[in-house]
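Chains U and F, in that order, are what the protein sequence lines are. FYI, our numbering numbers position 385 of the first sequence as 854, with every residue one higher than the one before it. FYI, our numbering numbers position 96 of the second sequence as 415, with every residue one higher than the one before it. Glycine included, every Cβ here is placed at the ideal spot set by N, Cα and C.
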Amino acid sequence: MTNPLTLYDRPNSYIGHSVPRPDARRLSEGRGRFVDDKVLPRMVHAAFVRSDMAHARITSIDISDAKNSPGVIAVWTGADLAPHVEPYVGVLSHLAGLRSAPQMPLADDVARWQGEPLAMIVATSRALAEDAVALVTVEYEELPAACDMETALDPDAPVIHQEFGSNLAWERTVDVGDTKAAFSRTDVTLVERELRFGRHTGVTLEARAAIADFDPSEDHLTFHYSGQAPHMMQFIFAKHLGLAEENVRIIAEDVGGSFGIKIHTYGDEIATAIASRLLKRPVKFVADRHESFLTDIHARDHVVHGKMAVTQDGQIAALAFDDVTGIGPFSMYPRTSAIEANQVLNLTGAPYDIENYHARARVVFQNKNMMCQYRAVGHPIAMAICDGLLEDAAAAIGLDPVEIRRRNLMRDDSYPRASASGMKLDDLSHQKALERLVDMMRYEALREDQARLRNEGVFRGIGFCSMVEVTNPSPMFYGIGGAPIASQDGATIRLDAGGGIQVSSSVTEQGQGTNTILAQIAADIFGVDLDRVRIKTGDTEVTPYGGGTWASRGAGIGGEAMLQAAVALKEQVLDVAAVILQAKPDDLDIKAGKITDTDGTERMDLSDLARTVYYRGNELPSDLKPELIATRHYRVTDFPFVFTNGAMAAHVEVDTDTGIIRVLDFWAVEDCGRVLNPLLVDEQIRGGVVQGIGGALYEECLYSEDGQMLNTTMADYLVPMSAEMPDIHVAHIETPTKTSVLGAKGAGEAGTGGAPGAILNAVNDALRPLNSSLWQMPMTPERVLKALGKV
Amino acid sequence: MKQTAQISLTVNGETVEADVPVRRNLVDFLRQDLGLTGSHVGCEHGVCGACTLEVDGRMVRGCLMLAVQANGANVTTVEGLADSGRSAALRQSFMARNALQCGFCTPGMLASAIEYIEAGGASDRNAIREHLSGNYCRCTGYQAIVDAVCDVIDGRVSA
Chain U
470 MTNPLTLYDR
480 PNSYIGHSVP
490 RPDARRLSEG
500 RGRFVDDKVL
510 PRMVHAAFVR
520 SDMAHARITS
530 IDISDAKNSP
540 GVIAVWTGAD
550 LAPHVEPYVG
560 VLSHLAGLRS
570 APQMPLADDV
580 ARWQGEPLAM
590 IVATSRALAE
600 DAVALVTVEY
610 EELPAACDME
620 TALDPDAPVI
630 HQEFGSNLAW
640 ERTVDVGDTK
650 AAFSRTDVTL
660 VERELRFGRH
670 TGVTLEARAA
680 IADFDPSEDH
690 LTFHYSGQAP
700 HMMQFIFAKH
710 LGLAEENVRI
720 IAEDVGGSFG
730 IKIHTYGDEI
740 ATAIASRLLK
750 RPVKFVADRH
760 ESFLTDIHAR
770 DHVVHGKMAV
780 TQDGQIAALA
790 FDDVTGIGPF
800 SMYPRTSAIE
810 ANQVLNLTGA
820 PYDIENYHAR
830 ARVVFQNKNM
840 MCQYRAVGHP
850 IAMAICDGLL
860 EDAAAAIGLD
870 PVEIRRRNLM
880 RDDSYPRASA
890 SGMKLDDLSH
900 QKALERLVDM
910 MRYEALREDQ
920 ARLRNEGVFR
930 GIGFCSMVEV
940 TNPSPMFYGI
950 GGAPIASQDG
960 ATIRLDAGGG
970 IQVSSSVTEQ
980 GQGTNTILAQ
990 IAADIFGVDL
1000 DRVRIKTGDT
1010 EVTPYGGGTW
1020 ASRGAGIGGE
1030 AMLQAAVALK
1040 EQVLDVAAVI
1050 LQAKPDDLDI
1060 KAGKITDTDG
1070 TERMDLSDLA
1080 RTVYYRGNEL
1090 PSDLKPELIA
1100 TRHYRVTDFP
1110 FVFTNGAMAA
1120 HVEVDTDTGI
1130 IRVLDFWAVE
1140 DCGRVLNPLL
1150 VDEQIRGGVV
1160 QGIGGALYEE
1170 CLYSEDGQML
1180 NTTMADYLVP
1190 MSAEMPDIHV
1200 AHIETPTKTS
1210 VLGAKGAGEA
1220 GTGGAPGAIL
1230 NAVNDALRPL
1240 NSSLWQMPMT
1250 PERVLKALGK
1260 V
Chain F
320 MKQTAQISLT
330 VNGETVEADV
340 PVRRNLVDFL
350 RQDLGLTGSH
360 VGCEHGVCGA
370 CTLEVDGRMV
380 RGCLMLAVQA
390 NGANVTTVEG
400 LADSGRSAAL
410 RQSFMARNAL
420 QCGFCTPGML
430 ASAIEYIEAG
440 GASDRNAIRE
450 HLSGNYCRCT
460 GYQAIVDAVC
470 DVIDGRVSA
């Protein structure tokens, strides 16, 4: 058999090459198949009446006018839908002590955040459903609201869930070494800062969208889903609607961006499924942009008090911080809203040798929309805390920010090892990445330019971030805590009569290029041209069982399953070929759709072999029972996660009159193990960086003191657009993970995780000669001017 | 009050007659009444650019125009740009550069880029970024899109 480790060197190979995405053609011709593009027979449309109040008792809902509105088919309140659903609670057993209250799709008695659905209207069109929404009258008794997470734990704060006695959802402390002793040393320099990370959200260009299609004759629900985890949703609908799991089919075709937003349980989507069951016909719900801002999960929202001590030669003596994060009135189901804080504790300082580490996180209920996992969960906070304090400390002792990293980064030859927080690390390359970065950005020349321009009154800054990224999660992420979330994924590969192959996988495509890399791996390992591979993902009825695509796991886990399946099919095919050709399997190979001798001499076409097996089995020995299909599954076993690392740098200019920050350049060196497709991974890194820049400079869900979100339009909530973004320079170090043959780690979240820290440091580098600094994201012009004392 | 109006227009070269609700915007009409689902709806208030399409030779937001306002107009959507070959070079360069990921912004992005290219725009990265700054893309980081537009202008791609 061919040794898989040499497969990448074969002629006609695809792994590691910049192969364009085959599905891009369809999308560029306007032939996408997004949920809202689908029209089913007898389909009707849903719209929701949502709470205007952050916290209120609902004293009455008058739906009589809405029921008589043109086109309206049904109007339901929370009480109407309650008998048809089992409540859900967003806790996991491995997050000890995490608590949350049962949730229903529509609030019944009390509304706990502005935007919470209260009533559902189904009509013959979305427009007519919205007309009826306007005719529903809700009477509220306003309750005291706990909107500000920083006061939500005060003794006199209104308690959102009386049964808990306080608004504390979860608390965890990590204490390693002796930080107290380290901070009290006389030979260290201390820096201490309050870092604030605003709430922002995903702003997927395609809003959340669903079509529920219940067929009572088979007690079967088909749910057309714009999301990332079909099998998780299969479990959720089955459990909470009381259906057999096999009677729930989740179909996710084209998904117009997800980034973690569309991987949670939303009341309006559960209600849409209930509505289809009650009406016995398809029901579509597509959120409008206002609804997206109000109800798509929000992210971040942390206030961190951090402290670092460094010795005079720049060694980190201790790192400590206290993080408070607001998650809304419930922990999101089923992934929970404690994972981000947990990640912050796990990841902060992970690139560095740190012996003394103390971290506490408190996760707080509040009367705002729910917070949960969004791209680079916890990473931007964790990286900005450590690298922000590190550059602050470097400045305090007069050390260059690159040099202080050289003195503290874990050595590339020191693995396997653990981080201060106990994370198992292997196959990382912080030192190589940093040196590559410094070289790529022409650091010394850039510093010279900076000094020259400062004399001319131009304030530019250079900032860095050395970072880790959690990818390829094992069962230790969710499954261990009881979540219905698969950590393993499967791939099936089948040789068809025409000589092409059909591939299906349980990982999903949201634009990253999952389908393309699966096709590359299948074609490369099995031995056919890429255009002879058809891919199917995103359908629980026809793909193997698995987790989907999140936490940068599609390539590393789904890709490895694909590789193993392709190896298995090749073995099967060569066994059959050996019989037909009177040869030994080891003397044969498959190249470009042909069975060949190992020297490349063509022996027969794959379609001839397949047609012989499928049509003319009489030509084969009766004891030969060919299988021209193989399925393999893969999970990460020896590590809870496969960490990747990167080094990033930002170059910014701060206009000290307007407070506007311009990003001039950005560099990212990333080590995602084996690069499967440079074309795809480079632009994914760039997209991640841009999302990170968005969180650092522009994006914030602004709330009034009484819990009203103030900027629920794209005109008011700022996202990065092309004119503000720089060209982003990307380079790779390839340290393949030893956990798989493929060697691929994830790459999807690195940019979003590392860019905010680099931008923060660059801005503060620019502000330093003015004796100012800014520790609040987004770093808006107003906040810059405040930091400068100008407003 | 009459809730609908009769309109007649040309869409991707075909004559279309329809009785449409007067409040229906152009992109909803194209998507819901004509099944031209290539034009996407992202924000419904003219900011995101996902519904950008051509009306009488100008690129407009399909969500900011009522269907009845298109009476008598000549409308071209992403499907029409593909079928006629007008977007062929740009589509090829978008694929070669991986200038789309989820593809939801792509129809509008192509329309805006074609407007720039057909007006004789230069392969000036800042000018292209400026021109495309009304089209929101959450996936790519924009760089590959700018690269793709430059490739077409500089003749590095031919359809």
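Neighbourhood of residue i by C-beta distance below 7 Å, restricted to the same chain and skipping five residues each side
i, result
"U/E1168", "H669, Y1186, L1187, V1188, P1247"
"U/D965", "Q971, A1079"
"U/G726", "T673, L674, E675, Q979, G980"
"U/H774", "E663, F790, D791"
"U/H709", "V554, E555, Y557, I739"
C-alpha distance - residue i paired with residue j, whole-angstrom precision
i, j, result
"U/G559", "U/A955", "17 Å"
"U/V660", "U/S890", "21 Å"
"F/G381", "U/G1028", "40 Å"
"U/R424", "U/E608", "Within the shown structure, residues of chain U are numbered from 470 to 1260, placing residue 424 of chain U beyond reach of any answer."
"F/V476", "F/R410", "10 Å"
"U/V871", "U/E925", "25 Å"
"F/V339", "F/K321", "11 Å"
"U/M1117", "U/I1228", "10 Å"
"U/R747", "F/R444", "Residue identity check: residue 747 of chain U is Leu in the sequence provided, not Arg. Each residue's Cα considered, the two are about 54 Å apart."
"U/A778", "U/C841", "32 Å"
"U/Q835", "U/D505", "33 Å"
"U/D882", "U/S898", "8 Å"
"U/L1145", "U/V927", "42 Å"
"U/G1025", "F/T323", "54 Å"
Under 7 Å from the C-beta of residue i: neighbouring residues of chain F
i, result
"U/L496", "L419, G422, T425"
"U/T673", "R457"
"U/Q979", "C421"
Residues of its chain near residue i, where Cβ-Cβ distance is below 8 Å and the 5 sequence neighbours each way are ignored
i, result
"U/L474", "With a pLDDT of 46 at U/L474, under the threshold of 50, the predicted position of this residue should be treated as unreliable, and no value is reported."
"U/I730", "T670, G671, T673, R677, D765, I766, Y843"
"F/R350", "T356, S358, V360"
With 16 other Cβ atoms within 10 Å as the buried cut-off, status of residue i
i, result
"U/G783", "buried"
"U/P489", "buried"
"U/S973", "buried"
"U/S562", "exposed"
"U/M470", "No answer about U/M470 holds up, because its pLDDT of 38 lies below 50 and its placement is not dependable."
"U/N1087", "exposed"
"U/E1251", "exposed"
Proximity below 8 Å, CB of residue i to CB of residue j
i, j, result
"U/F633", "U/R568", "yes"
"U/L1075", "U/I1098", "no"
"U/A960", "U/A1030", "yes"
"U/T1006", "U/T983", "yes"
"U/G711", "U/P574", "no"
"U/A679", "U/H693", "yes"
"U/V1082", "U/T1018", "no"
Beta-carbon neighbours of residue i, restricted to chain U and to distances below 8 Å
i, result
"F/M414", "P489, R490, A493, R494, S497"
Own chain partners of residue i with C-beta closer than 6 Å, once the 5 adjacent residues on each side are dropped
i, result
"F/L419", "F413, T425"
"U/E938", "T1113, E1218, A1219, G1222"
"F/L451", "S431"
"U/A543", "V591"
"U/I705", "T734"
"U/I739", "P574"
"U/I850", "F666, H771, V813"
"U/W545", "M589"
Cross-chain neighbours of residue i in chain U, by beta carbon under 7 Å
i, result
"F/C367", "L674, M1183"
"F/S452", "M1190, S1191, A1192"
Closer than 9 Å at the beta carbon, the chain F residues around residue i
i, result
"U/G729", "Residues of chain F passing the Cβ test: none, with the nearest at roughly 12 Å."
"U/D723", "C421, G422, F423"
Listed by chain order, chain F residues near residue i by CB distance under 8 Å
i, result
"U/I1197", "G460, Q462"
"U/V1158", "G460"
Neighbouring residues, chain U, relative to residue i (Cβ below 9 Å)
i, result
"F/A401", "S497, E498, G499, R500"
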